[in-house]
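Asks: Input: one structure, supplied below.
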Amino acid sequence: MRAMVLTGHGGPDKLQMQELPDPVPKAHEVRVRVKACALNHLDLFVREGWPKLKLELPHVLGSDVAGVVDLAGAEASDLPAGTPVMVNPGVSCGACRECLSGRDNRCRGYHILGEHSRGGYAQ
3 MRAMVLTGHG
13 GPDKLQMQEL
23 PDPVPKAHEV
33 RVRVKACALN
43 HLDLFVREGW
53 PKLKLELPHV
63 LGSDVAGVVD
73 LAGAEASDLP
83 AGTPVMVNPG
93 VSCGACRECL
103 SGRDNRCRGY
113 HILGEHSRGG
123 YAQ
């Protein structure tokens, strides 16, 4: 896949278009063919660098993503290929007490796409 990647912290010169391996969704995941990804203030903060944020570089920014499911994991039958989606950038484990009680933002494994994990600046 082609992706706009962050190669280091700093200005826009730290962004480069690169080829990365296509991600393969896990059983309960889907892969989204990105149609649109907004520039969010979070992208600017991450690009500029946060003291305690440790990233594996190159990193793909982008937390506000819309597109179409192009590949579904074996147990993600509720979102078959071709389904239009808008991605919730907050990701949690889905199994802990906080998640099961509707407070997934308090999950110890909570992270945001484009900040803690690869985001949507990709085709």
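Under my numbering, the first residue of the sequence shown is numbered 3, with each subsequent residue one higher. Cβ atoms here follow ideal geometry from the backbone N, Cα and C, with glycine treated the same way. What you are looking at is a predicted structure, and each value in this text was computed from that prediction instead of being measured.
#1: Quick check: Gly10 and Leu44, are their CB atoms within less than 8 Å of each other?
#2: Locate the alpha helix (DSSP H) running through Val36, then write down its first and last residues.
#3: With DSSP collapsed to three states, give me the class of Pro2.
#4: For Pro14, count the other beta carbons within 10 Å of its own beta carbon; 16 or more makes it buried, fewer makes it exposed. Which is it?
#5: Quick check: the Cα distance between Leu22 and Met6, rounded to an integer number of angstroms?
#6: In the DSSP assignment, the alpha helix (DSSP H) including Val26 goes from what residue to what residue?
#7: Considering only the alpha carbon of each residue, which of Lys28, Ala76, Val34 lies closest to Met3?
#8: If you check the beta carbons only, do Ala78 and Val32 fall under 8 Å apart?
#9: Distance check for Ala83 and Arg110, CA to CA, integer angstroms please.
#10: For the structure I just gave you, are there three or more beta carbon pairs, one from the stretch 62-69 and one from the stretch 105-119, closer than 8 Å?
#11: Only counting the same chain, and skipping five residues up and downstream in sequence, which positions put a Cβ closer than 6 Å to that of Asp106?
#12: When DSSP labels each residue in this structure, what does Glu58 get in the three-state scheme?
#13: Would you check if the distance between the CB atom of Val71 and the CB atom of Arg120 is smaller than 8 Å?
Replies: Here's the rundown:
#1: Mapped onto the sequence shown, residue 10 falls at position 8. Mapped onto the sequence shown, residue 44 falls at position 42. It is not a contact, given that the beta carbons lie outside the stated cut-off.
#2: Residue 36 sits at position 34 when you count from the first residue of the sequence shown. Taken as a continuous stretch (DSSP letters only), Val36 belongs to no alpha helix (DSSP H), being part of the beta strand (DSSP E) at 32-40.
#3: The question about residue 2 has no answer here: the residues shown for the chain are numbered 3 through 125.
#4: Mapped onto the sequence shown, residue 14 falls at position 12. Counting the other CB atoms within 10 Å of its CB gives Pro14 a total below 16, which places it among the exposed residues.
#5: On the sequence shown, residue 22 is found 20 positions in, with the first residue counted as 1. On the sequence shown, residue 6 is found 4 positions in, with the first residue counted as 1. One C-alpha to the other measures close to 10 Å.
#6: Residue 26 sits at position 24 when you count from the first residue of the sequence shown. From DSSP, Val26 is part of no alpha helix (DSSP H); its letter is neither H nor E.
#7: Along the sequence shown, read from residue 1 onward, the residue named residue 3 stands at position 1. For Met3, the nearest C-alpha among the options comes from Val34.
#8: Here residue 78 refers to the residue found at position 76 of the sequence shown. Here residue 32 refers to the residue found at position 30 of the sequence shown. Yes. Within cutoff.
#9: On the sequence shown, residue 110 is found 108 positions in, with the first residue counted as 1. On the sequence shown, residue 83 is found 81 positions in, with the first residue counted as 1. One C-alpha to the other measures close to 31 Å.
#10: yes
#11: The residue you call residue 106 lines up with position 104 of the sequence shown. Result list for Asp106: Ser94, in chain order.
#12: The residue given as residue 58 occupies position 56 in the sequence shown. Looking at Glu58 - three-state DSSP - the assignment turns out to be coil, as it is neither helix nor strand.
#13: By 1-based counting over the sequence shown, the position of residue 71 is 69. By 1-based counting over the sequence shown, the position of residue 120 is 118. No, the Cβ-Cβ distance between Val71 and Arg120 is not below 8 Å.
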